[in-house]
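In UniProt numbering, the protein residues as written are 1 to 755.
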């Protein structure tokens with residue numbers, strides 16, 4: 001270390017700088033052009049401004065910056081010597097979230113700076129060409145320069161929100177220029193909710209070939225869901241917050257200002273002390289500012305005192321204060337007591353065993369804490385905390401998969417994606433919504449088997465599927481390759497029936513014969529030139545608006561208007577490819593410059609009954625297409641006369657290992673027979689307390705086989721099958737991927753005869 005310091009001093013001597021003033025003048029002289037400050041600033045002032053703007057900008061005091069630079073130098077030397085490891089930039093322990101408000105504020109600030117710079121350059125140009133015209137005391141002159149500048153800051157922000165493209169002269173120190181905004185789709189409630197819990201590492205990392213950015217690290221436990229991430233290109237980059245995780249958005253500065261004095265009273269040596277033995281003492285930092293020094297033993301004492309104060313809400317210690325006490329180790333992270341009270345941090349709630357109260361912990365401090373997952377584990381180890389719930393490390397959507405601990409992990413990942421692609425219930429106020437396109441399941445049901453979080457988040461208000469009687473049997477050749485057979489009678493009773501709701505707008509100012517200026521020439525209505533029995537009046541009323549509830553075929557009339565110039569009635573046709581029904585008609589406008597109604601919005605409902613080729617899935621990632629609607633008279637039936645709604649092939653299970661679907665089938669069957677909902681929360685069962693025993697006893701009490709198998713009979717021959725068939729109730733989802741949306745996109749070419 002002595003040799004390295006000597007080399008630094010020898011190298012610095014060549015600059016011939018011996019005082020603070022000389023160093024500041026040296027920096028100011030070289031950065032004068034870059035800073036763009038007034039010319040009357042001295043080099044020393046410019047050097048000071050450079051340090052304030054660029055160097056450790058989170059600190060205000062030069063003395064604090066000096067202390068932190070020395071700390072950084074010591075940490076660097078420790079890293080080179082192998083005493084500590086480097087900080088992992090991909091670890092969530094070192095991450096914060098870029099919140100929208102920060103980005104909006106930076107865009108507005110940069111736009112203001114650009115406008116002010118434009119005014120400045122304009123005045124400087126006048127000073128060079130016509131110096132006599134420049135008069136800073138003349139308000140008219142200043143106003144003329146301001147008017148010449150574009151001050152439309154709102155337009156820049158609107159363009160950013162509409163396109164997601166960041167048009168910036170500096171780049172705002174971000175590694176990407178687009179993809180900042182997404183459309184908040186309301187396909188169903190799962191998808192809508194997930195938008196507000198998603199977190200993306202950044203578009204820059206999608207182009208990297210390394211996988212280190214995408215890896216799931218232990219530090220992410222409880223903060224980032226290990227299951228809810230897409231498969232494919234964004235895997236590991238587009239993540240979702242665990243349901244127990246939250247982002248700190250409030251300022252804690254005022255409460256955190258009391259902390260240095262409180263720690264000093266407990267024995268911490270203040271940062272201004274002149275004699276500190278760096279070999280025995282560790283640094284104590286608050287939001288990146290060194291506030292003192294303490295020994296390893298004292299650091300643990302300080303951390304424990306702060307934790308008790310914050311859980312008991314004493315001594316002005318904020319509840320969201322992160323207390324990371326890193327002990328000395330051989331090659332671990334650099335030791336010290338690091339406190340954080342800023343915004344944009346990951347925080348989650350656990351229970352502190354010392355006083356039984358809830359504690360808010362961060363991603364860095366969690367690594368050095370002993371947290372039990374279940375209360376039963378507490379006697380077996382030296383634990384300080386216990387999880388509030390065993391499923392808090394999963395996202396909201398991942399927690400809704402029943403018996404997910406029985407499944408192979410990729411299947412749970414697939415369900416998180418398919419749950420967001422389901423035709424569900426996007427809103428409870430569909431009649432009042434004007435979305436371009438919505439999907440709705442017409443006859444949804446609450447699942448018989450549901451995790452406890454299902455009721456906690458009120459998911460029954462937005463049901464996503466239907467309870468189906470499912471038989472696992474190879475009954476026909478139509479169930480190969482994950483295909484499923486649908487009971488034709490169940491289909492006729494409304495199983496999986498859905499609707500696509502679309503909205504269209506009719507604007508008379510854009511129709512033929514509209515007036516460019518002056519009063520409108522087109523008016524909604526039907527003129528006298530149309531006879532009473534005209535086919536257009538079957539769907540359009542006398543006011544020119546479509547009849548609510550009318551069925552429209554492609555090419556039918558959807559609106560009518562009369563043109564003043566010709567005096568004739570003009571018809572507007574429905575240009576869709578499918579039959580639909582008129583749900584609502586809304587009159588738009590009412591502004592002062594619109595003397596009469598010129599625009600309407602029409603909401604159309606397109607019925608989408610399941611057809612061959614439509615996709616369905618269970619909540620365990622078992623996706624398949626409807627291959628055939630089998631007549632009920634030919635469907636197999638059980639001894640009690642039950643016919644399955646869905647038949648799936650047994651080959652769907654061995655390679656996928658979705659044991660959770662087997663358990664759900666048993667639980668759903670028992671719940672249906674006893675009329676009770678079943679708890680499908682994961683981690684409820686073990687080798688000693690088995691799920692098959694719990695639900696098997698319920699089935700036995702209802703008069704069924706212990707393991708869910710039943711004798712079944714062929715609907716074609718009436719003979720009993722040689723093997724018992726696994727029959728139960730599974731919650732099925734209909735996906736939005738439908739043949740009617742895709743068949744017209746098929747290119748010409750050879751056709752595979754098998755399909």
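Heads up, the beta-carbon is just placed ideally off N, CA and C, and yes, glycines get one too.
Worksheet entry | Contacting residues, own chain, Cβ-Cβ under 7 Å from residue 571 (five flanking each side not counted) | Excluding sequence neighbours, residue 571 sits near 536, 557 and 560.
Worksheet item: Taking Cβ positions, are residue 756 and residue 94 nearer each other than 8 Å?
Response: Here the chain comprises residues numbered 1 to 755, so residue 756 is not present and cannot be evaluated.
Worksheet item: residue 619 and residue 423: beta carbons closer than 8 Å?
Response: Their beta carbons are not under 8 Å apart, which means residue 619 does not touch residue 423 by this criterion.
Worksheet entry | Spatial distance of residue 431 from residue 496 (CA atoms) | If you take the alpha carbons of residue 431 and residue 496, they lie about 21 Å apart.
Worksheet item: Would you say residue 727 and residue 610 are within 8 Å of each other, going by their C-beta atoms?
Response: Cβ atoms of residue 727 and residue 610: not closer than 8 Å.
Worksheet item: What are the uninterrupted segments assigned as beta strand (DSSP E) that are 3 or more residues long and contained completely in the stretch 431 to 456, given in chain order?
Response: Listed in chain order, they are 437 to 441.
Discussion item. Measuring alpha carbon to alpha carbon, tell me which residue in 197, 717 and 106 is nearest residue 168.
Written reply: Of the listed residues, the one whose Cα sits closest to residue 168 is 106.
Worksheet item: Is the CB-CB distance between residue 58 and residue 288 below 8 Å?
Response: For residue 58 and residue 288, yes; Cβs fall inside 8 Å.
Practice prompt. Using alpha carbons as the reference points, say which of 621, 523, 740 and 629 lies closest to residue 661.
Written response: Of the listed residues, the one whose Cα sits closest to residue 661 is 621.
Item to complete: Confirm, please, whether the CB-CB distance from residue 585 to residue 602 is below 8 Å.
Response: The answer is yes: Cβ separation under 8 Å.
Worksheet item: So who's on the other strand from residue 292, going by DSSP bridges?
Response: Looking at the DSSP output, residue 292 shares a beta bridge with 270 and 284.
Fill in: Reduced DSSP category for residue 497 - H, G, I as helix; E, B as strand; rest coil
The answer is coil: DSSP assigns residue 497 none of H, G, I, E or B.
Discussion item. Using 8 Å for Cβ pairs, my map puts residue 235 next to residue 214. What's the rounded Cβ distance?
Written reply: About 6 Å separates the two Cβ atoms, so the contact holds.
Worksheet entry | Outcome for residue 92 when other beta-carbon atoms lying within 10 angstroms are tallied against a minimum of 16 | Buried.
Practice prompt. Return the first residue and the last residue of the beta strand (DSSP E) that residue 628 is part of.
Written response: Unbroken beta strand (DSSP E) run through residue 628: 623 to 630.
Worksheet item: Closest to residue 303 by CA distance: which of 498, 489, 369 and 562 is it?
Response: Checking every option, the nearest Cα to that of residue 303 belongs to 369.
Item to complete: Please name the residue, chosen from 468, 139, 111 and 363, that lies closest to residue 151 on a Cα-to-Cα basis.
Response: Across the set 468, 139, 111 and 363, the C-alpha of 111 shows the shortest separation from the C-alpha of residue 151.
Practice prompt. Throw me the rounded Cβ distance for the residue 395 and residue 243 pair, which I believe falls under 8 Å.
Written response: At roughly 6 Å, the Cβ-Cβ gap stays under 8 Å, so residue 395 and residue 243 are in contact.
Item to complete: Under 8 Å Cβ to Cβ from residue 60, same chain only, skipping five residues before and after it: list those, please.
Response: No residues qualify anywhere along the chain.
Worksheet item: Which residues in the same chain as residue 221 place their Cβ atom closer than 6 Å to its Cβ, once the five residues preceding and following it in sequence are excluded?
Response: Excluding residues within five positions, the ones whose Cβ falls inside 6 Å are 393.
Item to complete: Take residue 237 as the anchor and find which of 689, 225 and 551 has the nearest alpha-carbon.
Response: With distances taken between Cα atoms, residue 237 lies closest to 225.
Item to complete: Could you name each continuous beta strand (DSSP E) segment of 3 residues or more that falls completely within the stretch 153 to 233, going from the start of the chain to the end?
Response: 198 to 200, all fully within the stretch 153 to 233.
Item to complete: Examine the Cβ distances between the stretch 425 to 439 and the stretch 250 to 265 and report whether three or more of them are shorter than 8 Å.
Response: No: the two stretches stay apart, fewer than three of their Cβ pairs being nearer than 8 Å.
Discussion item. Within a Cβ cutoff of 6 Å, which residues of the same chain sit near residue 267, ignoring the five residues on either side of it in sequence?
Written reply: Closer than 6 Å at the Cβ level, and outside the excluded window around residue 267, lie 298.
Practice prompt. Classify residue 498 as buried or exposed, calling it buried when 16 or more other Cβ atoms lie within 10 Å of its own Cβ.
Written response: By the 16-neighbour rule on beta-carbons within 10 angstroms, residue 498 is buried.
Worksheet item: In chain order, which continuous runs of the beta strand (DSSP E) of length 3 or greater are located wholly inside the stretch 320 to 383?
Response: Uninterrupted beta strand (DSSP E) stretches at least 3 residues long and entirely within the stretch 320 to 383 occur at 322 to 326, 336 to 340, 346 to 352 and 357 to 362, given in chain order.
Discussion item. My output table needs one value for residue 570: the three-state DSSP class, helix, strand or coil.
Written reply: Looking at residue 570 - three-state DSSP - the assignment turns out to be strand.
Worksheet item: Can you give the Cα-Cα distance for residue 702 and residue 681, rounded to whole angstroms?
Response: About 23 Å.
Worksheet item: Per DSSP, which one or two residues make a beta bridge with residue 679?
Response: Per DSSP, 450.
Item to complete: Please work out which residues of its chain come closer than 6 Å, Cβ to Cβ, to residue 771, disregarding the five sequence neighbours upstream and downstream, and give them in chain order.
Response: Examination of residue 771 is not possible in this model, given that the chain is present from 1 through 755 alone.
Worksheet item: So what's residue 101 in DSSP terms, helix, strand or just coil?
Response: Residue state for residue 101 is assigned as helix, using DSSP reduced to three classes.
Worksheet item: Is it true that the CB of residue 716 sits closer than 8 Å to the CB of residue 634?
Response: Result yes, Cβ atoms of residue 634 and residue 716 sit closer than 8 Å.
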